[in-house]
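Undergrad: Take this structure first; my questions come after.
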Amino acid sequence: MQLIDLVFRMNYTLCQGTMEREISALVYDSRKARPGCIFICMPGAVTDGHKYIPDVIAKGAAAVVVEHDVTVPEDVTILKVENARVALAELSAAWFGHPAEKLTTIGVTGTKGKTTTTYMIRGILEKAGLKTGLIGTIEAIIGEEHIHAVNTTPESFLVQEYFAKMVEAGIQYVVMEVSSQAMKLDRVAGFTYDYAIFTNLEPDHIGPGEHESMEEYIACKGKLFRQCKVGLANADADYLEQVMEGHTCQLETFGMGESADLRAVNIQKIHQPGYLGVQYDLEGLEQYTVRVDIPGDFTVYNSLAAIALCRHLGVAQEAVLQALNTIQVKGRLEIYPTPGDYTLMIDYAHNAMSLEALLTNIRAYGPRRILCLFGCGGNRARSRRYEMGEVSSRLADLTVVTSDNPRNEDPLAIIDDILVGVRKADGAYVTIPDRKEAIRYCMEQGQAGDVVILAGKGHEDYQEIRGVRHHMDERELIEEIIQEGPENEN
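The sequence shown begins at 178 in my numbering and counts up one residue at a time.
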C-alpha cells in the first residue's frame, strides 16, 4: 500500500522524506521490523518505541511515526503526530481497508457485565440468523474460529485485523467488550461504533498500571459515548451522569426504575434443583415476558441491555426469548449439571467486590446453604486475600479455601493469608489445598437446596505454578469426580 493512501485520514506533519513509497508492513514491535515497513514509535509504561528507531532503520524500515523530533537517514520518511497510539489505530484501520465500516459494530463497557452482555447479544443475533463476531475477555469468535484472548480488548492493530477477517468470513455484526484501559490506550480509535452499551460502574481498576483516579476511570468509560452513534445506558447505574457528560450520541436507557426507556418489572427469582434463573416483564419500549437461565439482578440488567440493542436491529421477539432461555456463558454464573439435588455454579469472581455481589445475589434465592470454594492468585495484592476471606466467611455458610493460580508463591502461604480474613467473620471453613479434592469435598457435602459455588477460575482452563501453566478445567475435574465415585445425593 502507498504511504499517501495509508495516512489519507490522519492528522500528521511530514518532517522528512516522500509520501510516494510502497509500505510493506505496519509494525509497532521493533522485533518484527522488515524492509519497507512503517514503524510506529509507541510510548509505554516500560519502554518507549522511539529508542528502537536505529534497530528498525537497520532492518530496512521505510518510514517512522513519531511524537517528538528524531534524526534518521535522509531516505527514511518521518511523520510526526500528537498521539502515536491514535496513529496506530488509524493506520491499522486504513491498512485493513476500514473494515468497521462494513460491519455493524457494538461496544459494551462497564465495570461488570461486559462478558455476559456480549455473549447474550451474540446469542440472540445468531438465533435470528445474523452472523455475528465477538471480541472479549474470554476469546475472539470469527465464524467457527475461536481465538484465546490475552486482553479484554486487543491492541488496535489486532482489533482491525479481526474486523477484516470477519468481513472476509461474511459476518455482518461484531459485538465486543471495551475496557477502560482500551479507551485510555486508544485501542479502539480509528472508527465510530454504531452502538455502545454502558452496564454499570463501581470503584475498581484504580492503581498502578491501571487508572490514576476514579475521575480518570470515569472519563475513559465516557469516551466511548463520544465515539458512537447510539448509546444504550443503565439508568440505575451509579455515576451515569458523569460517564455520559459530553456524550455526542443518541441516548436511550434501560433499567428497573420509572425513568428508564426500557424497564424490567415483576422480577421473579427461580430456584429449582440444579437451576437458578430470573423472569420479568418488560415495560416501555417493549412489552413481553422474559426468562433467562442465569441468576441474579445483574442478569436482569445484562439481558435488558441485550434486548435494548436487538430492538434497534429489528430482531424478532421469538429469537430474543429462545436465546435468553438457553444462554450459558462460560465461567459467568455458569450452572454445571451434577447427579445431586444441589446446584453447582462456576463463576469468575476473583476479588472481594465481585465475590460479595455474587454471594449476595445467590442468597436472595433462599438456598438451604451456600458452599463457597475459592483461592487467590499469587504475586498479587495480599489485601485481596484478606478481603475475599472475610466476604466469604460472612456471606457463605461454608467456605472451602483452596489454591487458585499460586504463580511464584507458596500455595499454603496464600491460604494462610486468606484465613486471616476468614477468621474476621464467624463462618465455618475448611482448607483443602488441592483444587480437585476441594471440589470433590464440596460435591460430597452438597445437599438438596444447597448452592455450591466454585469461584475465581471461571473460564480459565489452567493453573499457573512456578511460571508454568498446567491444564486444569473445573468442568473436567467435575466430570472426573462424578466418574470416580458416587456423590452425596441427599
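Here a beta-carbon is modelled for each residue, glycine too, at the ideal position from N, C-alpha and C.
The structure displayed is predicted, hence computed values, not measured ones.
On the three-state DSSP scale, how would you describe residue 487?
TA: Three-state DSSP puts residue 487 in a helix.
Undergrad: Using the C-alpha atoms, what's the distance from residue 459 back to residue 489?
TA: Taking the straight line from one Cα to the other gives about 16 Å.
Undergrad: So, residue 555 versus residue 584, is the Cβ gap smaller than 8 Å?
TA: Going by C-beta atoms, residue 555 is nearer than 8 Å to residue 584.
Undergrad: Using the Cβ count rule (16 or more neighbours within 10 Å means buried), how would you classify residue 377?
TA: It is buried - the Cβ of residue 377 has at least 16 other Cβ atoms within 10 Å.
Undergrad: Mind checking which residues open and close the alpha helix (DSSP H) that includes residue 361?
TA: 357–361 is the span of the alpha helix (DSSP H), which, as asked, contains residue 361.
Undergrad: Would DSSP call residue 652 helix, strand or coil?
TA: Correct three-state label for residue 652: helix.
Undergrad: List in chain order: all unbroken alpha helix (DSSP H) runs of 4+ residues lying wholly within the region 288–331.
TA: Counting only runs of 4 or more, we get 291–304.
Undergrad: Quick check on residue 390: buried or exposed, where buried means 16 or more other Cβ atoms within 10 Å of its Cβ?
TA: Answer is exposed; the Cβ neighbour count stays below 16.
Undergrad: Taking the C-alpha atoms as reference points, what is the distance between residue 635 and residue 294?
TA: Their Cα atoms are separated by approximately 16 Å.
Undergrad: Could you say if the region 280–290 and the region 318–328 meet the contact criterion of at least three C-beta pairs nearer than 8 Å?
TA: Short answer: they don't touch.
Undergrad: Considering only DSSP beta bridges, list what residue 199 is partnered with.
TA: Beta-bridge pairing links residue 199 to 179.
Undergrad: Could you give the DSSP three-state label for residue 527: helix, strand or coil?
TA: It is coil, neither helix nor strand.
Undergrad: Mapping the DSSP letters down to three states, classify residue 522 as helix, strand or coil.
TA: Strand.
Undergrad: Which whole-angstrom value is the C-beta distance of residue 272 and residue 178, which I expect to be below 8 Å?
TA: Contact flag correct, Cβ pair sits at about 7 Å.
Undergrad: Would you check if the distance between the CB atom of residue 550 and the CB atom of residue 619 is smaller than 8 Å?
TA: Yes. Within cutoff.
Undergrad: Got a sec, what are the start and stop residues for the alpha helix (DSSP H) residue 342 sits in?
TA: Start and end: 333–345.
Undergrad: Give the range of the beta strand (DSSP E) segment to which residue 353 is assigned.
TA: Here the beta strand (DSSP E) through residue 353 covers 350–354.
Undergrad: Can you give the Cα-Cα distance for residue 516 and residue 621, rounded to whole angstroms?
TA: Near 11 Å, if we compare the C-alpha coordinates of residue 621 and residue 516.
Undergrad: Can you tell me which residues form a DSSP beta bridge with residue 394?
TA: Answer is none; residue 394 lacks a bridge partner.
Undergrad: When the Cα of residue 511 is compared with those of 525, 502 and 519, which residue comes out closest?
TA: It is 525.
Undergrad: For residue 667, which residues from the same chain have a beta carbon less than 7 Å from its beta carbon, with the 5 sequence-adjacent residues on both sides left out?
TA: With a pLDDT of only 42 at residue 667, under 50, the local geometry of the prediction cannot be trusted, and the value read off the model is given with reservation. Excluding positions up to five away in sequence, the list reads 624 and 625.
Undergrad: Taking residue 468 as part of the alpha helix (DSSP H), name the residues at either end of that continuous run.
TA: Unbroken run through residue 468 is the beta strand (DSSP E), 466–469; no alpha helix (DSSP H).
Undergrad: Determine, using beta carbons only, whether residue 539 and residue 450 come nearer to each other than 8 Å.
TA: Not in contact: residue 539 and residue 450 (Cβ atoms no closer than 8 Å).
Undergrad: Helix or strand or just coil, what does DSSP make of residue 282?
TA: Looking at residue 282 - three-state DSSP - the assignment turns out to be strand.
Undergrad: Quick one, which of 345, 348 and 331 has its alpha-carbon nearest residue 361's?
TA: When each option's Cα is compared against that of residue 361, the closest is 331.
Undergrad: Could you tell me whether any non-hydrogen atom of the ligand SAH is closer than 7 Å to the CB of residue 432?
TA: Inclusion of the ligand SAH in the displayed structure is not the case, the ligand content being empty and no account of it being possible.
Undergrad: Relative to the C-alpha of residue 568, which residue among 599, 191, 221 and 553 is closest?
TA: If we check each option's Cα against that of residue 568, 599 comes out closest.
Undergrad: Within 8 Å, do at least three Cβ pairs link the region 332–352 to the region 235–249?
TA: At 8 Å Cβ cutoff, the stretches do not touch.
Undergrad: Measure the Cβ-Cβ separation of residue 357 and residue 394 and say whether it is below 8 Å.
TA: Against a cut-off of 8 Å, the Cβ pair of residue 394 and residue 357 comes out as a contact.
Undergrad: Beta-carbon separation of residue 290 and residue 528 under 8 Å?
TA: Taking 8 Å as the Cβ cut-off, residue 290 and residue 528 do not qualify as a contacting pair.
Undergrad: Within the 8 Å Cβ cut-off, does residue 189 reach chain C?
TA: Protein chain content of the structure displayed is limited to a single chain, and chain C is not contained in it.
Undergrad: Once DSSP output is grouped into helix, strand and coil, what is the label at residue 479?
TA: DSSP places residue 479 in helix when its eight states are reduced to three.
Undergrad: Let me check understanding here. Comparing Cα to Cα, which of 617, 316 and 300 lies closest to residue 660?
TA: Checking every option, the nearest Cα to that of residue 660 belongs to 617.
Undergrad: Is residue 609 helix, strand or coil when you go by DSSP?
TA: Three-state DSSP puts residue 609 in coil, outside helix and strand.
Undergrad: Output needed for residue 648: all residues of its chain with C-beta closer than 7 Å, excluding positions within five of it in sequence on either side, in chain order.
TA: Around residue 648: 638 and 639.
Undergrad: What is the residue span of the alpha helix (DSSP H) that residue 494 lies within?
TA: Taken as a continuous stretch (DSSP letters only), the alpha helix (DSSP H) holding residue 494 covers 494–501.
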